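Okay, so here's the structure we're looking at.
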Amino acid sequence: MFWKNLFSSDEQPKEAAKDSSDTLERAKLFFEKMEQRAKELVAEVKESGQLIADADQDPYKRSYLQFKSAIIAQFTGMIDKGTQTYHSQILPKANFATMLPLSQLYTAWQTNLLKMMEDSFEGIQERNLEKEYQEIMAGYNQTKDGFQCKQCGADLAINKFYYTATYITCGFCQSQNMFDPGSQARLVEHMAIPLARARSKDQYEQYRQKKEAVGQKAATPEYELYAQAIKKEMDEILPGNEAQNQNFYDRLLKDFHNFHVAW
Amino acid sequence: MFKKLFKNLTENITDVAKDMMAEKMNIPSGDQANQMESFGQGDMQKIFDAGAASKGVKTPNTATEDPNDPLLQPVHGISIYDYAAGAAKIGEGCTDDEIAARLGVERPLWDEAKTMWNNRMRDDQTFNVVNVYAKYFGIAKEHEKLRDLKPANAPQTSVPEGQAAETLKRLETDKHYFFEIQGALEAAYANGMDGAQWLVDELGLSVSQVNNAGVKYMSDMGIMAQMIDYQDKKKKEYSERFSKENGTSGVADDIEF
Amino acid sequence: MEKNKPSSVVERLKEIALQQKREKLIKTSADSSVRSCTNCGAPRGKLDGLTKCAYCGFEFLEVKLTDGIHIQKEDNSK
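Residue numbers (the numbering used here), protein chains in the order written: chain A, 1 to 263; chain B, 1 to 257; chain C, 1 to 78.
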């Protein structure tokens, strides 16, 4: 369409110029309004986000996550709208002079919106894994010494942390008792990896800095130290799982070497 | 899980496509010939399988069940099929105790099996175990011991059981309806709802049952690519409905160019 | 439009999230139990393994135990 405008001998250059500068102005106004609205959204999320995360009593934080999904959808909805408008209403009105500024305007706006989306959740702690873990362990340690062998009545020695049901041998009569650690203890299995990662933040930070300085490949030793730290924490959180944790460690390293690690 | 696979491998598939286009004037040989033929026939799944294989990774189509594979051996007699069918039943509201009892094992065995199967899938960088798991998850309702197991405490819903069963059948046989519900689920989360709960309230089904019904669609890249626009269209429709019901329309809806 | 304002949408989303009804997650406390042979009443001793009754051969478990996390192959009854 704009080629026709450019080469047609019927063209009124002055009108065309006015029309296109109008377009640029209108586009600037449009993207400014969109950005302002996004800023307001960021402010609201920053105010409410942590409150919602803290108020969510669900062990899987599903209420907070459904809130977060909706906010992300709000941002992606705005980006979609801006993109649609840019392609279907703004670009068709562009000419040689306005093409580049409009493209730059749109790209800058889109990049900014993505940054704002990330920023709105910055600093919000979805779960305090360490606190949850310590509470579960405190509860476990409080109750584990209160069991008796169901065969002979002697005290049943539960000497470590079990996150699965297991068999405990009575030290007195040798009977196999089945011990069920309860639903809270079972949650620890699913917390282990994120908790181990959270505890290995320092090693991760060292890896990240080295990677920024010299690239991912040269930062391999730092990454290995980070993976080893995770493994060590997992061994502590899930005793008895050492062989499995080793497999997890091996997988981390294989993925590191094979795929581009986005973070 | 397939989205994750796809995410890691899309780069490679694009490279494969680019290479094929660049070399189309040369006479292809062997693998390349197969790939070009697949590409020409629009068989996305074959291209995906080829791209995956070049990275040493399995897909639902190329997963193997070697009887000597240590990663596929039963754990305390609990096979990957037992585990997958059990997982499907948990999705329907059955408890671990109910499943262990039905499988004829004690709870410690079932607990350890769950952990070990889960870890095997997690740590297998070829994705073979998870693809074998997906296959058995898809045929959970044929599992001899577990297929008739009904939860003592099924998720509460006002949808009559007969109606829910009809809907399940429809999801299995009507491709468009399955992807419509996937779109509805996306729309629910986009509007701040708990999509899984919406499924229970609206259809009388769990996420596990719904996804189980569509495993054959979700394991085929061609079908997923074919239905992506339809799913998107349905997502928009449901989103309009949900945003009206909940007062959660877009914050910038009123801004015009 | 008032109802589109970020503050009202976020308020609505917060309301929906925190009032979300879900199936109650069953919380169970730690517990222990013991299983005696349904055939002869004998208890299950550590040295006899987990799978068979040492006195009458009754099968507690019909499966073969493998090397798991805490349960090992050695826990199969002879």
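Every residue gets a Cβ at the ideal spot worked out from N, C-alpha and C, and that includes glycine. Just so it is clear, the structure is predicted and the values come from calculations on it, not from any experiment.
Under the three-state reduction of DSSP, N247/A is assigned to helix. Annotated as distal: L103/B and G91/B, with beta-carbon spacing of 9 Å or more. Residues of the stretch 104-115 of chain B that bring their beta carbon within less than 8 Å of a beta carbon in chain C comprise G104, V105, E106, P108, L109, E112, A113 and T115, in sequence order.
Judged by beta-carbon spacing, S239/B lies within the 9 Å limit of A190/B, meaning their Cβ atoms are closer than that value. Contacts between K64/C and chain B, judged by CB atoms closer than 9 Å, involve P74, H76 and G77 in chain order. Distances from the alpha-carbon of D66/B to those of E112/B, A188/B, V132/B and E106/B put V132/B closest. Against F96/A, chain B offers no close residue; the least beta-carbon distance is about 21 Å (beta-carbon pairs closer than 7 Å). None of the residues of the stretch 137-154 of chain B has a beta carbon lying less than 9 Å from any beta carbon of chain A.
A straight-line Cα-Cα distance of about 41 Å links K232/A and K150/B. Under the DSSP definition of a beta bridge, F179/A partners with T166/A and S32/C. For the pair K27/C and M78/A, the Cα-to-Cα distance works out to about 41 Å.
Taking 9 Å as the cut-off, the Cβ atoms of I230/A and A196/A count as close.
Contact annotation for Q20/C against chain A: R62, S63 and Q66 [CB-CB distance below 8 Å, chain order]. Listed as beta-bridge partners of D201/B by DSSP are no residues whatsoever.
Taking all protein chains shown into account, E98/B has 16 or more neighbouring C-beta atoms within 10 Å of its C-beta and is therefore buried. Secondary structure note for P6/C: its alpha helix (DSSP H) is the uninterrupted segment P6 to L18.
Boundaries for Y55/C: no alpha helix (DSSP H) harbours it, and the DSSP string shows neither H nor E there. Excluding the 5 residues flanking it on each side, L168/B has same chain C-beta neighbours closer than 7 Å at L205, Q209 and A213, in chain order. DSSP places I78/B in the strand class (E or B) of the three-state scheme.
Short of 7 Å from the beta carbon of K150/A, and not among the five residues preceding or following it, lie these beta carbons of its own chain, in chain order: N177. Against chain C, the CB of Q89/A has no partner CB under 9 Å away; the residue lies outside that interface. Per DSSP, the continuous alpha helix (DSSP H) segment holding L171/B begins and ends at E161 to T173. Against A42/C, chain A offers no close residue; the least beta-carbon distance is about 10 Å (beta-carbon pairs closer than 8 Å).
Within chain A, the C-beta atoms nearer than 7 Å to that of A252/B come from M34, R37, M78 and K81, in chain order. Under a 10 Å Cβ-count criterion, E118/A is classified as exposed, with fewer than 16 other Cβ atoms of the shown protein chains found around its own Cβ. K233/B sits exposed, since fewer than 16 C-beta atoms from the chains shown fall within 10 Å of its C-beta. Boundaries of the alpha helix (DSSP H) harbouring Y230/B: M221 to N246, taken from the DSSP string.
In summary, D194/B is buried, with 16 or more beta-carbon neighbours lying within 10 Å of its beta-carbon over all protein chains present. As the crow flies, the alpha-carbon of M44/B is around 33 Å from that of L65/A.
Using a Cβ-Cβ cut-off of 9 Å, Y189/B counts as an interface residue toward chain A, since at least one Cβ of chain A sits closer than that to its own. With fewer than 16 other Cβ atoms from the protein chains shown falling within 10 Å of its own Cβ, E166/B counts as exposed. Looking from the CA of L50/C, the closest CA among L25/C, S77/C and E62/C belongs to S77/C.
Against chain C, a Cβ distance below 7 Å from N246/B picks out R12 and I16. Chain-order list of chain C residues neighbouring G192/B: L13, I16 and A17, by C-beta distance under 7 Å. Bridge pairing for Q148/A: D155/A [DSSP].
Note: G45/C is bridge-paired with S175/A in the DSSP secondary-structure output.
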